[in-house]
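Read the structure below first, then the notes.
See the structure below:
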C-alpha cells in the first residue's frame, strides 16, 4: 500500500497559508515545510506560486536525498528547498522549517546584525540573542549549490557553538532574511511571528538607547524556563 | 444561594477580547482581569489560551488570597495572576487590570525608560510621565514568586512617591511591558490603548528632538483636569 | 418656517465618520464641523461620544456667538467647539474645520516643529511648510477660555504673516495636534489625511537626512498651481 | 472595423485598482498605464478620479504623439500622461508604467537619495541600487512641459549609464516619488510593491547601521540571475 501524505501536505499547506495571514510575506517570498520523520519525506511550497491559489495538493514532496517523491506532480519545489533539506538533516529534533522576508527581521539580516535580547517577550521564545550567520563566500554563492550552502552556514553556526536548535529556533541569514523551525511546522510559524514582533520592538528600543545592554541572565532564565523544559508552568497542562 | 459570577466573567472576557481587536496583543501575550470587590474575587484569562477561542465560561475566578474559587474549572489562570492580585490588594480604588506587550510601550519598557509627557493626548490620560519600575533583583526573580514580585515593584513605585494610581493608571515593568488599570476593566483597556498610542507618538517626537522637554505644568493641569475630577467638562454629563 | 439643518448635520456627521475610517483617530480624539454661512450656524460632533454610534441627529448646532441653536438637543458639543468657532469667525472663506490627533502630525506638534515641505506630495496641498503655532501662555491656558485661545494662536499666526488660510489649510497647535480646514468640511477631511501622510514621509526623509532643505521654489509653485487657482489643470474640469 | 481596446482598458484599469489594494496610494496620487505596441496607443487613468469609482470604460486612450484616441471620452487623462508617454517612447521593451507616492519610497525620493541594495529581496528585482534622478531645472519645471521633462530626466539617467530599463525597472524622481515599469503593467505593479517594501527595509537597515555597505557583487548576481535571464530557475517553468 502506498504511503499516504495527505495529512503532511495539509499541515505544510496550512503553515504556508498562515504566513501572509500573519503579515510575514512580501510578494511571493517565503515558504514553509513539514517533515514526516518516519518516512524521511518533507512537503514544501511550490516555487513562485501565489499564496491566494495554494492548496494541499500543490505541496511538493521531497525525500532527504533531495529527490521528488511524486514525479507525476509537475510543480517545482521552492528554490529554497535545499536549505530546508539541510536543516532537516542536521537538526533531527525539528519537524518544520519556515522562511520569510518579514520586514523588521530582514532589516536586521541585511545589516548583518543579530537581534539583541532586550526583554521578556524575546526571552519567552529564545534562550539569547537571535543570531545572524556569517556571510557566504563567493565560492559558496557561485558554486552551483547556493541554497544548500545557505543551510550549511546555519548549521555551522550551531555546530561551532554547541547550541541546541530548539533553544534558539531562529536565525538570520546574513544579507538575506530569517529562517525559523520547531518541533512542528505550526510552531515554526509561531516562532516566525515572534521573530518579526521582537525585531520590531528591538529596533525601537535601539532608537531609544543605541547602546542598550541585553537583559540580565536571571530574567532570561526565568522567562525561558517558564515556557520550556521540565519546570514550565505557562499555558494549560 | 451560591454567588453568581456570570456578569464578572462576561466583563473580564469582553476586556480580554478587546485587546487583540485594538492591536495590542502579539501572539498570546496579554491578559485582563475584573474584580468583584464585595466578594473579593476576580476573574482572569486562562493561561496561554488562544484569543480566538475565548469565552466567558473560560475565565478563572481567584480570590484575594490567591485561591481558585471554582475548583471544578480545570483551566489554569494566567501565569501573571499574582501580579494582578498584588495590584488589586494594594490599590482598592481599581476595578480592573490589563497587561499587554503592545509594541511601542514595550520598546520603552525594554529600554528601561519612562514615557515622557510631550503633549495633550498624554495629559488627557495621565498626570505626568508614564513611569517605569526599577529592575527586579535576582532574588526577586528567582525566589519562587516572580509574578508577585512584579506586582511588588509596581506597588513600591507608587508607595514611595505617594502618587495616586488613578492619576497614573499605567506603568512599564522594566525589561518587560506595560500594566494598566482603572475603576473598571473596560477603562483599563482604554488606558492600554492610550499607552500604546502615546508611546508611538513619543518615540517619533524623540526622533525629531532627542532632548525634547516635557509639556508645561499649566497645560498638563488644564488637560488632565478637563477630563478628571470635579471640574471635568469633557464628554456628556 | 424653521430653518432646516438636515443637510448640514448629515455633512458634519459624514466628515466625523470619515476620520476613523482614514485611521486619523486614536480613542475618541478628533472632531469635524461644517458651517451654514447664510445662517451663521455650524454643526459639530458631540463631546466624547464613540464614533461607532454617531448619527446625523447627534450633531450639535452652535451659532457664531457660541449659543446652542437647538436647546432640546441635550448633547454637549465637543469641548473644542470654541476653537472651531474662532476659526469660522476669522476665516470667512472656510466651510469646515477638522481636528485630529493623527499620530505622525501630532508627533511634530508635540515637538513644536513645523512640517517642512520636502516634496511634491506636500506641494500639491500646501503652499509651504505646515506651520506650528507658538505655545499658549499660562494665562491663556488657565484663564477660563482655553479652547478659544487655542483658536486665537492659530488666527494670530495667519494674521501676522498675512497668509491666506486656503493656501495653508492646516496648522499644528504646539504641544497639541493638527487642525485643518477647507471650503467644505469634506475638503478639510481630505487635508487631514494629507497632513498625516505628509508628516509620515517627512519624518522618514528627516531620518535619511536630518538637515534636508525644503523643495525648490519653482517646484513648489508648479505643483501648488497645478491644483489650485486659475491655471489649475489637475482633475476633471 | 475599428480597433478594439476593451482588453487594454481592462488591463490598465485592473492595474490602477491594484495600487490602493496594495497600500501604495495616498489620496488620489498614482496612476498606471498599459500600451498596445502594435497600435501605438496606451490606456491611462483619468485625472483626479477616485479609485473607488474607477471602471475600464473610464480609461483614457492616448497615442504616442500624445493625442486622445477617443475624443468622445470626455475624461481628461492623468496629468502625468506626458511622463508615461516619454517612457513608452524611450523604452520599447516595456508594456506598462506605474506611478505611486508610496510612503517609504517617496521618503527616499524627497531626500534625493537612491535606495541602496542591502539584501537579496532587493537583488531579486533590481540589478543594483534603485536610482534617483537629478533635480529638474527651473526651466524644465516652468517651461510648460513639466511632466514631459519629468520623463526626460528618467530617460537621461538610463541613456547616460547605458543601463537596461528591465534590469532596473524603477526610479525615484527627485523631490517627487517612484515610477516603475515592466514588460506588462501587471509586472510594473508588482515592481511598485517591491520598491515600497525594499525602501521600508532599507530605511530600517540604515537606522541599524547608517554606513551600511551594499551587498557583495556575487550575491547580487546570484539572486538577480535566479529570477531573470536564461539561467533563471525561480518559479514554475
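Chains as they are written, first to last, in the numbering used here: chain A, 131 to 367; chain B, 131 to 367; chain C, 131 to 367; chain D, 131 to 367. Think of the CB as a built atom: it goes at the ideal place given N, C-alpha and C, for glycine as much as any other residue. Note that the coordinates shown come from a computational prediction; the quantities given were computed from them, not determined experimentally.
(message) Runs of 3 residues minimum, wholly inside the region 210-297 of chain C: which ones carry the beta strand (DSSP E) assignment?
(response) 226-229
- request: State the Cα-Cα distance for the pair residue 203(A) and residue 188(A), rounded to the nearest angstrom.
  value: 8 Å
Rounding to the nearest angstrom, what Cα-Cα distance links residue 143(D) and residue 153(D) in this structure? Between residue 143(D) and residue 153(D), the alpha-carbon positions lie close to 16 Å from each other.
Using a cut-off of 9 Å between C-beta atoms, extract the partners of residue 363(B) located in chain C.
Residues of chain C whose Cβ lies closer than 9 Å to the Cβ of residue 363(B) are, in chain order, 177, 206, 209.
Next item on the list: Taking only beta carbons into account, state which residues of the region 304-326 of chain C come closer than 8 Å to chain D, listed in chain order.
Entry: Look at the region 304-326 of chain C: the residues with a C-beta under 8 Å from a C-beta of chain D are 320, 323, 324.
- Nearest candidate by alpha-carbon position, reference residue 345(D), set 302(A), 240(A), 139(A), 186(A): Selected option, being the one with the closest Cα: 240(A).
**Message:** Here's a check: name, in chain order, each residue in its chain whose Cβ is nearer than 6 Å to the Cβ of residue 213(A), leaving out the five neighbours to either side.
**Reply:** In its chain, beyond the 5 residues on either side, 277, 280, 281 have a beta carbon closer than 6 Å to the beta carbon of residue 213(A).
(message) Within the continuous alpha helix (DSSP H) that includes residue 154(C), where are the two ends?
(response) Residue 154(C) -> no alpha helix (DSSP H), and no H or E assigned at all.
Cβ pair residue 333(D), residue 253(D) closer than 8 Å:
no
Note to self: Suppose contacts are defined by Cβ-Cβ distances below 8 Å. Is residue 285(A) in contact with residue 220(A) by that definition?
What the structure shows: yes
### Message
Only counting the same chain, and skipping five residues up and downstream in sequence, which positions put a Cβ closer than 6 Å to that of residue 173(C)?
### Response
138, 139, 142, 164, 189, 191
Please list, in chain order, all residues of the same chain as residue 205(C) whose beta carbon is under 8 Å from its beta carbon, the five residues on each side excluded.
The answer, listed in chain order, is 176, 177, 179, 188, 190.
Along the beta strand (DSSP E) that carries residue 171(C), what are the first and last residues, could you check?
-> 171-174
The region 232-259 of chain A: positions lying closer than 9 Å to chain D by Cβ = 233, 234, 236, 237, 238, 239, 240, 241, 242, 243
Closer than 6 Å by C-beta to residue 335(B): which residues in its own chain qualify, once you throw out the five before and the five after it? Chain order, please.
248, 342
Between 166(B), 230(B), 224(B), which lies nearest to residue 199(B) when the distance is taken from Cα to Cα?
If you compare the alpha carbons of 166(B), 230(B), 224(B) with that of residue 199(B), the shortest gap goes to 166(B).
* Expressed to the nearest angstrom, what Euclidean distance is found between the alpha-carbon atoms of residue 148(A) and residue 151(B)? -> 19 Å
Do residue 322(B) and residue 230(B) count as a contact pair if the criterion is CB distance below 8 Å? yes
Exercise. For the alpha helix (DSSP H) that contains residue 348(D), what are its first and last residues?
Worked result: 347-357
- Opposite residue 191(A) in the DSSP bridges: which residues? 173(A)
Residue range of the unbroken beta strand (DSSP E) whose run includes residue 163(C): 161-166
Item to complete: Look at the alpha carbon of residue 109(D) and the alpha carbon of residue 320(C), and state the distance between them as a whole number of angstroms.
Response: Any question about residue 109(D) goes unanswered here, given that chain D covers just 131 to 367.
Residue 310(C) bridges to which residues according to DSSP?
228(C), 300(C)
What residues in the region 153-164 of chain C bring their beta carbon closer than 7 Å to a beta carbon of chain B?
156, 157, 159
Quick test of your reading: residue 316(C) and residue 256(C), contact by CB under 8 Å. State the CB separation rounded to the nearest angstrom. 18 Å between Cβ atoms; not a contact.
- So, is the C-beta of residue 140(D) closer than 8 Å to a C-beta in chain A? No, residue 140(D) lies away from the interface with chain A (no Cβ there is under 8 Å from its Cβ).
Check: Since residue 272(C) meets chain F, which of its residues come closer than 8 Å, beta carbon to beta carbon?
Finding: No chain F appears in this structure, whose protein chains are A, B, C and D.
Quiz prompt | Nonlocal neighbours in the same chain, by C-beta distance under 7 Å from residue 161(D), ignoring five residues either side | solution = 146, 174, 175, 208, 210, 229
| task | Just the C-alpha distance for residue 287(D) and residue 351(D), rounded to the nearest angstrom, thanks. | result | 22 Å
Mind checking if residue 341(D) is an interface residue toward chain A, Cβ cutoff 8 Å exclusive?
By this cut-off, residue 341(D) is not an interface position.
Item checked: Cross-strand partners of residue 76(A) (DSSP beta bridge) -> Outside the shown range of chain A, which is 131 to 367, sits residue 76(A), and nothing can be said about it.
Legend entry - DSSP-derived helix/strand/coil call for residue 344(A): coil
* With 16 as the cutoff for other CB atoms within 10 Å, does residue 363(B) come out buried or exposed? -> With fewer than 16 other Cβ atoms within 10 Å, it is exposed.
Problem - Straight-line Cα distance separating residue 156(D) from residue 353(C) - result: 16 Å
Checklist entry - Quick one: Cα of residue 290(B) to Cα of residue 261(B), how far? => result 13 Å
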